[in-house]
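Q: Can you read through this structure? Questions will come right after.
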Amino acid sequence: MKRKLNLLVALAALPLCFFTHDGWAQDWTAKAKEALVKAMAEIALPKGDPKLLLLTNAGLGMIGNHTTESFIGIAGQETGCGRSNRAMMIVHTSVQEPLLCALYRRDSGKMVFFKWTGDGFGQQVIDASPEKILSPEGWKAASAGLVGRNLFSLVSMSHVWSVNPPWFLQLAASFHDHVCPGLNAGYIFAEYMMQKLPLRPGERYVTVTAPGNCPADALQVLLNTTGGKGGGYVMAIGDDTLARYSKGGIKPWTIAMRVNKDSDTCEGVVLGLDWDRVLSDTGVKREHLFSKEGPSDPLSLIARVQTATELAKMPREKLLGYAVELKRFSGNAGLADKVASGDPYAVVWNQ
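Per my numbering, the sequence shown starts with residue 284, numbered consecutively.
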């Protein structure tokens, strides 16, 4: 009995954080707050300054086995950044990623990045000004540090934020985890649909993105065309197939439909993007944006940031001019299901 009592006394004397979730959470949140205070000192802006942007994957990124949603509140309290003032962007990462955060200063382009490294937070200070980071040398030097592959996400989102983009584009960027011309294209297609084929009572949008890439994410954010609700589909499709349905060198990219099951109707358009006009207006070189090396080529990533930023500056009417209708079609509501299977463009052209 005496031995049992001694054991209980010894256990009671140990720190509470060894036994409770709250205790361990207090430990990591204290470290996170310390890292954030250090980053704020480095960025040298007062709390709530309009030149300050905070990016984080808090709520998704983990620290050990612990979720990090509480860091969103900590970050807001320490920096004055929040979604209501468009100064906090949640970067969509896998829940297997560690907690990360970056502060960006609009006027100088200075970025302070930190993330959980297993037993604490590591930090990297980056010159993310366009003059420095949008050069192959600057890009390679920054990406060789702690930020690694997160550089494209953070730089593209920061640079686009700095030009005061539309709110819905900013939301799509958070979901997509970066901004690129393909995301801009999806934003343009969504705006085009809302203007040319606005929803009426009882209707909903159904979209098919083929080839299935970036526009799909913007479409589901703006139009609620999610795959889980049968509203959005993505399909792999080859260049040879796309060429059969191209017009004037413009390839189809998205089929967007307005569907009403009650009235048994489907009206849709096939949309492409006028890349020649985009490149001409943004001043970006085609060989850089469409580099055969893809993301492994810093010039390709830099060109994506430059193009996305220039497009984010433009007024809505100018953006809509880049969307090209390749075909209009209509039928009964079941047509949407047929388009969303097999070769979607063959269904449209051969109906």
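Yeah, the Cβ is synthetic: ideal placement off N, Cα and C, and Gly gets one too.
Out of Y488, H442, P484, point me to the one whose CA is closest to Y475's CA.
A: Comparing Cα-Cα distances from Y475 to each of Y488, H442, P484, the minimum goes to Y488.
Q: Does F573 come out as helix, strand or coil in the three-state DSSP assignment?
A: Correct three-state label for F573: coil.
Q: Whole angstroms is fine: what's the gap from D620's alpha carbon to V630's?
A: If I take the Cα positions, the gap works out to 10 angstroms.
Q: How many angstroms separate the CA atom of A606 from the CA atom of V462?
A: Rounded to the nearest angstrom, the two C-alpha atoms are 18 angstroms apart.
Q: Per the contact definition of three or more C-beta pairs closer than 8 angstroms, is the segment 574-587 in contact with the segment 550-560?
A: No, the segment 550-560 is not in contact with the segment 574-587.
Q: Assuming A322 and N467 form a contact by the criterion Cβ under 8 angstroms, report the distance between their Cβ atoms to the nearest whole angstrom.
A: Not quite, the Cβ-Cβ distance comes to about 30 angstroms (not below 8 angstroms), so this is no contact.
Q: List the DSSP bridge partners of D460.
A: Per DSSP, none; premise fails for D460.
Q: Sort A315, F472, D310 by Cα distance to L609 and report the nearest one.
A: Checking every option, the nearest Cα to that of L609 belongs to F472.
Q: Cβ atoms of A370 and F354: under 7 angstroms apart, would you say?
A: Against a cut-off of 7 angstroms, the Cβ pair of A370 and F354 comes out as no contact.
Q: For M345 and E576, what's the separation of their Cα atoms in angstroms?
A: Distance between the alpha carbons of M345 and E576: 32 angstroms.
Q: Return helix, strand or coil for S529, following the three-state DSSP convention.
A: S529 falls in the coil class under three-state DSSP.
Q: Which of the three DSSP states, helix, strand or coil, is assigned to G511?
A: G511 falls in the helix class under three-state DSSP.
Q: Within 10 angstroms of the Cβ of G465, are there 16 or more other Cβ atoms? Answer buried if so, exposed if not.
A: G465 should be labelled buried.
Q: Is there a Cβ from chain D that is less than 7 angstroms from the Cβ of V489?
A: Absence of chain D from the displayed structure is noted, only one protein chain being present.
Q: Residues in the same chain with beta-carbon distance under 8 angstroms from L572, minus the five sequence neighbours each way, listed in chain order, please.
A: Closer than 8 angstroms at Cβ, skipping near neighbours: P464, L562, S583, A586, R587, T590.
Q: Only counting the same chain, and skipping five residues up and downstream in sequence, which positions put a Cβ closer than 6 angstroms to that of L343?
A: Excluding residues within five positions, the ones whose Cβ falls inside 6 angstroms are T376, V378.
Q: Taking the alpha helix (DSSP H) that A425 falls in, what are its first and last residues?
A: Where A425 is concerned, the enclosing alpha helix (DSSP H) stretches over 419-426.
Q: Indicate whether M372 and L338 have their beta-carbon atoms separated by less than 7 angstroms.
A: Cβ distance < 7 angstroms, so M372 and L338 count as in contact.
Q: I'd like the span of the beta strand (DSSP E) that includes L386, first residue to last.
A: Note, L386: beta strand (DSSP E), 383-388.
Q: Take the Cβ of A385 as the centre, count every other Cβ of all protein chains shown within 10 Å, and call the residue buried at 16 or more, exposed below.
A: When all chains shown are included, A385 counts as buried.
Q: Could you check what DSSP says for N348 in three-state terms: helix, strand or coil?
A: In the structure shown, N348 sits in coil (DSSP, three-state: anything other than H, G, I, E or B).
Q: On the premise that A539 lies in contact with T490, defined as a C-beta separation below 8 angstroms, what is that separation, rounded to the nearest angstrom?
A: Sure, about 5 angstroms apart at Cβ, within 8 angstroms.
Q: Tell me whether T362 is buried or exposed, calling it buried when 16 or more other Cβ atoms sit within 10 Å of its Cβ.
A: Buried, since its Cβ has 16 or more Cβ neighbours within 10 Å.
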